[in-house]
Amino acid sequence: MSDLGDALLAPLGQAFVVRALVAGTVLGATGALLGVFVVQRGLGLLSDGLAHATFGGIALGLLVGASPDRAILVALPFTVAIALGIQYVRRNTSLAGDVATGVFFAVSFAAGILLLGLRGPSSPPVNVEGLLFGSLLAVSPDGLVVILAVAALVASVLAAIGPRLAYATFDPELAELSGVKVAALEYVLLALTALVVVVGVKTVGVVLVSAFVVIPAATANLLGTRLPAIAATAVALGVLGTAFGLFASYHLNVATGATIILTLGAGFFLALVFRRR
Amino acid sequence: MTAAIRAEGASVVLGGHTVLRDVSFEVEHDEFACLVGPNGGGKTTFVRAAIGLVPTATGRIEVLGRSPEEARRRVGYVPQLKGFNRSFPARVVEVIAANRTGGWPLRLPAAEREAARAALARVGGERLLEARLAGLSGGELQRVFLARALVTGPKLLLLDEPTAGVDVRGRAEFLELLAGIAASHELAVVLVTHNAAAVRRLARRAIYVDGTVLAWGTPDDVLDREWERGGAFSGHDHASHSLCEDA
Numbered sequence: 000m001s002d003l004g005d006a007l008l009a010p011l012g013q014a015f016v017v018r019a020l021v022a023g024t025v026l027g028a029t030g031a032l033l034g035v036f037v038v039q040r041g042l043g044l045l046s047d048g049l050a051h052a053t054f055g056g057i058a059l060g061l062l063v064g065a066s067p068d069r070a071i072l073v074a075l076p077f078t079v080a081i082a083l084g085i086q087y088v089r090r091n092t093s094l095a096g097d098v099a100t101g102v103f104f105a106v107s108f109a110a111g112i113l114l115l116g117l118r119g120p121s122s123p124p125v126n127v128e129g130l131l132f133g134s135l136l137a138v139s140p141d142g143l144v145v146i147l148a149v150a151a152l153v154a155s156v157l158a159a160i161g162p163r164l165a166y167a168t169f170d171p172e173l174a175e176l177s178g179v180k181v182a183a184l185e186y187v188l189l190a191l192t193a194l195v196v197v198v199g200v201k202t203v204g205v206v207l208v209s210a211f212v213v214i215p216a217a218t219a220n221l222l223g224t225r226l227p228a229i230a231a232t233a234v235a236l237g238v239l240g241t242a243f244g245l246f247a248s249y250h251l252n253v254a255t256g257a258t259i260i261l262t263l264g265a266g267f268f269l270a271l272v273f274r275r276r
Numbered sequence: 000m001t002a003a004i005r006a007e008g009a010s011v012v013l014g015g016h017t018v019l020r021d022v023s024f025e026v027e028h029d030e031f032a033c034l035v036g037p038n039g040g041g042k043t044t045f046v047r048a049a050i051g052l053v054p055t056a057t058g059r060i061e062v063l064g065r066s067p068e069e070a071r072r073r074v075g076y077v078p079q080l081k082g083f084n085r086s087f088p089a090r091v092v093e094v095i096a097a098n099r100t101g102g103w104p105l106r107l108p109a110a111e112r113e114a115a116r117a118a119l120a121r122v123g124g125e126r127l128l129e130a131r132l133a134g135l136s137g138g139e140l141q142r143v144f145l146a147r148a149l150v151t152g153p154k155l156l157l158l159d160e161p162t163a164g165v166d167v168r169g170r171a172e173f174l175e176l177l178a179g180i181a182a183s184h185e186l187a188v189v190l191v192t193h194n195a196a197a198v199r200r201l202a203r204r205a206i207y208v209d210g211t212v213l214a215w216g217t218p219d220d221v222l223d224r225e226w227e228r229g230g231a232f233s234g235h236d237h238a239s240h241s242l243c244e245d246a
């Protein structure tokens with residue numbers, strides 16, 4: 000391999016970079032796959048709202064004595080519950096989807112701030128900046144296992160329900176008439192999104208995690224005309240954008256999460272320029 | 000032979016408001032019937048109840064001898080408002096195949112493609128097979144949704160104002176298609192329409208619905224009574240047999 004190639008790939012000699020690469024690309028792929036359905040349903044703000052709800056879940060975990068690493072185990076069911084709550088309001092009231100998301104997101108985030116303040120004076124300090132902006136390079140071996148487990152679960156469920164979920168995304172009423180359990184599938188989609196968002200918060204933080212779900216899928220939608228091609232493109236963009244952003248941030252010595260999101264964003268704007276009319 | 004639709008004292012309540020009350024009528028297994036009446040009279044609600052999308056509060060609706068939910072797979076439905084997601088990357092062949100497979104076809108087996116092609120050919124839309132749904136005109140969309148409804152080989156076809164918003168030529172062509180389907184006597188057809196000419200031309204019976212069934216009989220009987228009542232039909236040529244009036 001050339002000297003340049005060696006230099007570019009040199010970071011892979013360090014275990015924490017390998018963990019970050021695996022965690023990031025797996026999350027990029029999983030988020031992008033889910034994002035195909037989320038974006039098609041016009042729920043782009045949902046993942047952002049769930050990310051903010053995750054903050055409340057992590058704060059609850061910290062309040063009950065979990066370490067910052069283990070707090071995610073409280074945040075997972077907490078955020079899934081918020082996702083199901085949002086879906087319940089969407090289905091059972093006349094409020095539009097973004098309104099329910101806005102309410103739950105604000106309440107959960109506020110609850111998180113309150114819960115952090117309720118911790119005793121002897122509690123270890125919390126790195127709020129780390130929560131908000133994440134740290135992909137700090138993913139622990141345990142954290143990587145959680146990410147891989149969530150990704151495997153999401154991929155398995157999507158493989159099982161993908162065609163029915165796609166039909167319900169095209170037209171829920173016609174899908175229902177063809178025997179698809181539309182309401183149940185929508186709850187599943189939101190629960191899966193919540194899972195990916197929670198584990199994503201550890202890597203790119205509350206503020207940026209929704210980009211993993213929204214940007215690759217939105218870019219692929221600009222480029223593709225068939226669902227399988229759009230899904231494949233979204234996954235490829237999620238993986239390549241994350242890997243490129245990670246290496247670029249390492250060599251430029253800048254924030255990893257932000258570099259990944261900017262890389263994905265650059266792909267979106269390029270697609271906007273070169274899309275098929 | 001089992002009736003295609005049998006309504007017995009059916010009432011539907013939506014949001015606390017009784018939309019239909021004590022509706023009773025029957026459509027035979029090979030009959031072409033039209034549901035007519037003013038806007039807001041409950042025609043669409045009846046169709047939605049007949050496919051199990053809204054429940055009956057009292058009485059019952061039997062479709063092909065079963066409950067509406069159980070009969071769904073044997074009923075073809077063409078909705079009034081095309082509520083599909085217009086940003087979804089859908090092709091015509093996929094839309095039609097999805098109704099047979101019950102899921103969006105990520106890969107299309109040859110048998111599904113052929114079934115979709117045959118259904119489109121039946122409605123004169125074979126050239127649309129690979130077209131993207133988003134680029135179709137109102138008339139073309141109607142053909143696609145009719146093909147989608149026919150692809151499962153239904154015994155009952157329910158069409159809810161299918162030509163609303165379609166131009167005059169497309170409307171006439173679509174209603175001629177329905178005339179061909181009616182002539183085959185392979186299935187029962189229930190058409191919701193405001194088009195008096197279509198009712199006279201196509202239907203064996205018309206059912207006038209305005210909250211309940213106010214009249215039920217031959218098209219001439221029902222339409223003449225409706226005409227005296229003030230008219231819920233479009234077009235001033237009430238006796239016209241042209242199919243170009245508003246649906």
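Note that the protein sequences, when read in sequence, are chains A and B. Going by numbering that gives the first Met the number 0, the first residue of the first sequence is number 0, and it counts up by one from there. Going by numbering that gives the first Met the number 0, the first residue of the second sequence is number 0, and it counts up by one from there. Just so you know, even glycine gets a beta-carbon here, dropped at the ideal spot from N, CA and C. Small disclaimer: the values here were computed from a predicted structure and weren't measured.
(message) On the DSSP letters alone, give me the boundaries of the beta strand (DSSP E) that valine 196 (chain A) sits inside.
(response) Looking at the DSSP string, valine 196 (chain A) is not in any beta strand (DSSP E); the run it does join, the alpha helix (DSSP H), is 181–207.
(request) Determine the chain A residues that contact serine 86 (chain B) at a beta-carbon separation under 7 angstroms, and present them in chain order. (result) Gln39
(request) Return yes when the Cβ of threonine 100 (chain A) is within less than 8 angstroms of the Cβ of alanine 30 (chain A), no when it is not. (result) Sequence check: residue 30 (chain A) is glycine here, not alanine. Cβ atoms of glycine 30 (chain A) and threonine 100 (chain A): not closer than 8 angstroms.
(message) Quick check: what's the CA-CA separation for aspartate 166 (chain B) versus serine 136 (chain B)?
(response) 9 angstroms
(message) When you measure from the CB of alanine 14 (chain A) to every non-hydrogen atom of the ligand SAH, does any distance come out below 7 angstroms?
(response) Of the ligands one can find in the structure shown there are none, so the ligand SAH has no counterpart to examine.
(request) Mind listing the chain B neighbours of phenylalanine 169 (chain A)? Cutoff is C-beta to C-beta under 7 angstroms, in chain order. (result) Phe83, Asn84, Phe87, Ala89 and Trp103
(message) I'd like to know whether the C-beta atoms of isoleucine 259 (chain A) and glycine 34 (chain A) end up nearer to each other than 8 angstroms.
(response) no
(message) Run through chain B and tell me which residues come within less than 7 angstroms of tyrosine 166 (chain A), C-beta to C-beta.
(response) Ala97, Gly102 and Trp103
(request) Only counting runs of 4 or more residues, tell me where the alpha helix (DSSP H) segments fall wholly within the stretch 243–269 of chain A, in order along the chain. (result) none
(request) Starting from glutamate 128 (chain A), find everything on chain B with Cβ-Cβ shorter than 9 angstroms and list it in chain order. (result) In chain order: nothing, as chain B lies at least about 37 angstroms away.
(message) Helix, strand or coil, according to DSSP, for valine 74 (chain B) in the structure here?
(response) strand
(request) Step through the CB atoms of chain B and report whether any lies within less than 8 angstroms of the CB of valine 153 (chain A). (result) no
(message) Contact criterion: CB-CB distance below 8 angstroms. Does leucine 52 (chain B) meet it with respect to chain A?
(response) yes
(request) Kindly list, in the order they appear in chain A, the residues whose Cβ is closer than 8 angstroms to that of tyrosine 251 (chain B). (result) Shown here, chain B extends from 0 to 246; a query on residue 251 (chain B) therefore has no answer.
(message) Suppose you measure from the CA of glycine 36 (chain B) to the CA of valine 213 (chain A); what does that come to, to the nearest Å?
(response) 47 angstroms
(request) State buried or exposed for glycine 60 (chain A), treating a residue as buried only when at least 16 other CB atoms are found within 10 Å of its CB. (result) buried
(request) Within its chain, find whatever has a CB closer than 7 angstroms to the CB of leucine 63 (chain B); leave out the 5 residues flanking it on each side and keep chain order. (result) Thr1, Ala3, Ala70, Arg73, Lys154 and Leu155
(message) For serine 239 (chain B), would you say it is in contact with chain A, using Cβ-to-Cβ distances shorter than 8 angstroms as the test?
(response) Below a pLDDT of 50, predicted positions are generally treated as unreliable, and serine 239 (chain B), at 45, falls in that range; the measurement from the model is reported next regardless. Answer no: the Cβ-Cβ gap between serine 239 (chain B) and chain A never drops below 8 angstroms.
(request) For chain A, find out if any of its Cβ atoms is closer than 8 angstroms to the Cβ of arginine 200 (chain B); answer yes or no. (result) no
(message) Under 8 angstroms, Cβ to Cβ, is there at least one residue of chain B near proline 215 (chain A)?
(response) no
(request) Consider the Cβ of arginine 89 (chain A): report whether some Cβ of chain B lies at a distance smaller than 8 angstroms. (result) no
(request) Kindly indicate the opening and closing residues of the beta strand (DSSP E) around aspartate 262 (chain B). (result) A query on residue 262 (chain B) cannot be resolved here, the shown segment of chain B reaching from 0 to 246 and no further.
(request) Give the interface partners of arginine 131 (chain B) over in chain A, defined as CB-CB distance under 8 angstroms, in chain order. (result) Thr224
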